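Novice:
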Amino acid sequence: MFAWIRRIGKNGAPPAREVLLNQGLSLAMQWGDDWLKPIQGRLARRFPVLSRDQLDEINFTCQAVMKFGHAAVYDLAEKFGKDTKREEFVRVMSVAYPWINEENLSQLFSQGMYYAWKDLGFA
35 MFAWIRRIGK NGAPPAREVL LNQGLSLAMQ WGDDWLKPIQ GRLARRFPVL
85 SRDQLDEINF TCQAVMKFGH AAVYDLAEKF GKDTKREEFV RVMSVAYPWI
135 NEENLSQLFS QGMYYAWKDL GFA
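Counted the way the working numbering counts, the sequence shown spans residues 35 to 157.
Here it is, written out as structure tokens:
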């Protein structure tokens, strides 16, 4: 699916698949004006060698991962309430998406818990 990633990069050094996906996921999770908005334009500024199809593919993947992560946190919060453990979330995410870096895991967990607490009435 991401074979083309090995062929791109600046100065002949192709960014790893994990780098592109983690950059994209980080952009997808940004608060503020860009919250829940497509990432293609912002990702293209960081990696101008990416084609429109490649940018679309990364956006699709990162949006899906973000939704999966938020849903995973919500499910855990429904089960464990205020005792939801980040470690369990990391385990779930690492099985599904082993490429996610620590920073993105932390951000996904925090965002998911924010919404779970509001929705489930823990606050």
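Backbone N, C-alpha and C fix where the C-beta goes; we use that ideal spot for every residue, glycine too. Quantities reported herein were computed from a predicted structural model and do not represent experimental measurements.
1) Shortest alpha-carbon distance to A62 belongs to which of V53, R80 and A98?
2) Buried or exposed, going by whether 16 or more other CB atoms sit within 10 Å of the CB of F123?
3) How about L70 and G58: do their beta carbons lie closer than 8 Å?
4) Could you tell me the distance, in whole angstroms, from the CA atom of D153 to the CA atom of L139?
5) Is the separation between the beta-carbon of A150 and that of A106 shorter than 8 Å?
6) For F81, does the count of other Cβ atoms within 10 angstroms reach 16, so buried, or fall short, so exposed?
7) What did DSSP end up calling L84 once you bin it into helix, strand or coil?
8) Are the beta-carbon atoms of W133 and L84 separated by less than 8 Å?
9) Taking a contact to mean a Cβ-Cβ separation below 8 Å, would you say F94 touches R120 in this structure?
10) If you drop the 5 nearest sequence neighbours on each side, which residues of the same chain put their C-beta closer than 7 Å to that of L89?
11) Once the 5 residues before and after A37 are set aside, which same chain residues still bring their CB inside 7 Å of it?
Specialist: So, from the listed chains and residues:
1) Ranking the options by Cα distance to A62, first place goes to A98.
2) Result: buried.
3) Not a contact, by the Cβ cut-off of 8 Å.
4) Distance between the alpha carbons of D153 and L139 is about 21 Å.
5) Here A150 is not near A106, since their CB atoms are 8 Å or more apart.
6) Buried, since its Cβ has 16 or more Cβ neighbours within 10 Å.
7) Reduced to three states, the DSSP call for L84 is coil.
8) Against a cut-off of 8 Å, the Cβ pair of L84 and W133 comes out as no contact.
9) Using a Cβ distance threshold of 8 Å, F94 and R120 do not count as a contacting pair.
10) Closer than 7 Å at Cβ, skipping near neighbours: Q74, L77 and A78.
11) Per-residue confidence for A37 stands at a pLDDT of 49, beneath the threshold of 50, marking its modelled position as unreliable; the derived number appears in the next sentence. Closer than 7 Å at Cβ, skipping near neighbours: no residue.
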